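In the UniProt record's numbering, the protein residues as written are 1 to 596.
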């Protein structure tokens with residue numbers, strides 16, 4: 001029997017919810033787990049063998065070794081943190097694309113010492129500039145070293161820190177995370193900054209246990225050594241080619257759900273964990289959606305997927321089957337990440353389990369089933385990475401191939417996930433009410449009174465949602481100052497009569513995930529941008545506004561080029577524009593009452 005690790009195990013508990021365990025989801029997931037075990041997928045992940053995915057795997061499988069290879073970073077981070085502490089710099093300001101910053105946010109948890117800038121929004125940058133720069137360590141995460149908006153924000157912040165503490169000390173308090181030999185690597189070393197090289201064979205969503213995750217979080221005081229210890233302690237369990245491997249069982253859940261949505265509740269677990277899981281699942285070919293569980297109106301319904309309310313600290317590998325079948329109680333010792341899963345999944349074949357189907361179950365009907373996972377943070381992270389990697393084999397995900405910008409970075413430098421270097425033409429201006437400009441295709445262009453242009457365009461977008469589809473709202477504003485826009489999700493769902501998802505761009509990959517594939521999931525996209533407020537102090541200048549709008553415009557044009565109905569609403573005045581947008585939403589006619 002495998003020896004027990006010194007820490008708690010990750011647990012995957014199938015069954016529960018509104019139906020007795022196990023239902024169709026559990027049975028199908030276990031069959032898939034057995035198939036993955038037969039195909040020795042777990043050990044091939046561990047060996048960085050791309051044969052499990054084919055040529056699309058590329059050279060992106062180095063993440064599996066990070067619990068071991070990242071250990072030397074701990075001492076380096078501890079030494080840097082002590083040096084900065086002695087100088088009075090404890091606050092960490094992390095600049096980078098969300099692919100590289102979410103992991104650090106997960107590891108930092110409730111620490112108030114880590115602040116993240118993952119977009120060039122002028123409002124967010126202004127808040128950073130207004131902070132205590134004299135006590136700030138600047139961390140810049142840009143593995144490629146050539147991202148335009150990161151370079152612009154880096155330059156602004158470095159200059160501001162230099163004004164407070166002097167150029168030399170500002171450079172010494174800057175930690176740059178980039179690949180060896182990148183343009184940023186060379187310039188940062190020349191400036192006297194600390195450079196820590198990132199792993200070339202680790203994609204962004206999988207870098208949480210590498211330098212992009214450990215360095216910023218460790219500098220902010222996170223116990224990164226414990227996280228690595230927890231991950232290493234369960235590595236043997238997660239690399240086993242056995243059907244009871246919890247990572248393979250979780251992968252079976254994800255594959256069974258297929259094109260259905262995995263609805264993640266950010267409020268139910270540790271900070272940023274839901275968003276990190278969403279990025280991971282999107283890379284693997286799943287459809288994650290962040291939701292506000294306090295406002296369920298308009299959301300798809302279905303079974304529940306809940307990473308982590310429970311683990312048993314003394315559970316050994318042989319005990320997992322009891323947990324899976326609900327045969328023993330577990331002590332809730334880990335924060336929960338609640339999610340629901342929608343979509344029928346594949347039809348079931350002849351039942352091969354000993355359990356009989358529940359009364360009234362339909363083939364492939366997943367409604368009401370519950371999945372819970374749990375464990376110490378390091379174990380939980382590695383569990384999800386192995387599960388997503390295994391699921392990507394069957395979900396047609398491109399988890400490990402060369403990463404294209406996840407947004408419209410630098411003059412629409414390529415479509416989402418395509419790796420091309422030229423994006424489609426931006427959506428043209430089709431109307432305005434004086435406060436909100438309407439950018440969309442001709443088929444959704446508003447007609448008639450310009451004062452009603454926003455409502456007319458929104459109504460056309462809602463009416464264009466295909467049967468069984470949803471409306472996605474991606475807001476490219478400042479989540480702090482413009483937080484009130486989030487209330488429009490529930491109102492949109494009630495007025496329009498369609499499921500509505502919501503997220504803050506460019507951070508939330510879950511909103512865009514359904515539209516990233518060659519055959520997009522049915523739906524429509526409303527993307528909201530805005531001019532910066534007039535009262536920003538300090539004002540970061542017009543260059544960042546241009547970069548932010550280029551990012552958002554590239555995303556909108558790319559999604560529209562895939563045949564998805566897209567509307568970009570640009571607020572020329574953020575406060576008055578939001579009022580105009582809210583009135584437009586209130587004037588919508590519910591789809592079910594219209595003659596289509």
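All residues carry an ideal CB built from backbone N, CA and C; glycine is no exception.
Just so it is clear, the structure is predicted and the values come from calculations on it, not from any experiment.
Own chain, CB closer than 7 Å to residue i, minus 5 neighbours either side, in chain order
i, result
"residue 276", "102, 103, 106 and 208"
"residue 109", "222, 270 and 271"
"residue 232", "67 and 68"
"residue 584", "454, 455 and 458"
"residue 451", "433"
"residue 170", "158, 161 and 162"
"residue 540", "122, 125, 126, 129 and 156"
"residue 213", "103, 104, 107 and 207"
"residue 88", "135"
Test item: CB-CB of residue i and residue j under 9 Å
i, j, result
"residue 176", "residue 165", "no"
"residue 161", "residue 95", "no"
"residue 505", "residue 474", "yes"
"residue 196", "residue 73", "yes"
"residue 250", "residue 382", "no"
"residue 426", "residue 438", "no"
"residue 482", "residue 549", "no"
"residue 262", "residue 281", "yes"
"residue 192", "residue 168", "yes"
"residue 528", "residue 485", "yes"
"residue 45", "residue 389", "yes"
"residue 26", "residue 39", "no"
"residue 243", "residue 37", "yes"
"residue 142", "residue 100", "yes"
"residue 547", "residue 120", "yes"
"residue 466", "residue 523", "yes"
"residue 64", "residue 385", "yes"
"residue 211", "residue 98", "no"
"residue 217", "residue 283", "no"
"residue 500", "residue 490", "yes"
Neighbourhood of residue i by C-beta distance below 8 Å, restricted to the same chain and skipping five residues each side
i, result
"residue 576", "435"
"residue 588", "455, 458, 459, 462, 492, 495 and 496"
"residue 563", "520"
"residue 412", "Unreliable placement is indicated for residue 412, whose pLDDT of 36 sits below 50; the coordinate value is still reported in the next sentence. So the list reads 422, 423, 424, 426, 550, 553, 554, 557 and 558, once near-sequence residues are dropped."
"residue 480", "123, 124 and 127"
"residue 534", "none"
For residue j and residue i, believed in contact at Cβ under 8 Å, the rounded distance
i, j, result
"residue 591", "residue 462", "6 Å"
"residue 515", "residue 203", "Not really, about 20 Å apart at Cβ, beyond 8 Å."
"residue 179", "residue 145", "7 Å"
"residue 471", "residue 496", "6 Å"
"residue 184", "residue 157", "Actually they do not touch by this definition, with Cβ atoms about 14 Å apart."
"residue 570", "residue 530", "6 Å"
"residue 77", "residue 215", "6 Å"
"residue 229", "residue 378", "7 Å"
"residue 48", "residue 62", "6 Å"
"residue 488", "residue 581", "7 Å"
"residue 543", "residue 152", "6 Å"
"residue 29", "residue 227", "Not a contact, Cβ separation roughly 27 Å."
Sequence-distant residues of its chain with Cβ nearer than 6 Å to residue i (five each side left out)
i, result
"residue 407", "Residue confidence for residue 407 is low, a pLDDT of 44 falling below 50, so the modelled location carries little weight; the figure read from the coordinates is stated next. Closer than 6 Å at Cβ, skipping near neighbours: 506, 551 and 555."
"residue 545", "122 and 532"
"residue 188", "176 and 195"
"residue 255", "32, 391 and 394"
"residue 559", "515, 525 and 566"
"residue 285", "392, 395, 396 and 397"
"residue 174", "138 and 193"
"residue 220", "92, 108, 111, 113 and 114"
"residue 616", "Because the chain spans 1 through 596 in this model, residue 616 falls outside it and cannot be assessed."
"residue 430", "438, 440 and 445"
According to DSSP, residues forming a beta bridge with residue i
i, result
"residue 141", "96 and 177"
"residue 437", "432 and 570"
"residue 502", "473"
"residue 528", "475 and 569"
"residue 197", "178"
"residue 523", "470"
"residue 136", "91"
The ligand PLP heavy atom lying under 8 Å from the CB of residue i
i, result
"residue 230", "Among the components modelled here there is no ligand, and therefore nothing to report on the ligand PLP."
Runs of alpha helix (DSSP H) wholly within the region 53-126 (minimum 4 residues, chain order): Within the region 53-126, the complete alpha helix (DSSP H) segments at least 4 residues long are 66-69, 71-86 and 98-108, listed from N- to C-terminus.
Ordered list of beta strand (DSSP E) runs contained in the region 445-486, each at least 3 residues: Entirely contained in the region 445-486, the beta strand (DSSP E) runs reaching 3 residues are, in chain order, 470-475.
Taking only runs that begin and end inside the region 219-287, name each unbroken beta strand (DSSP E) of 3 or more residues, in chain order. Listed in chain order, they are 261-264.
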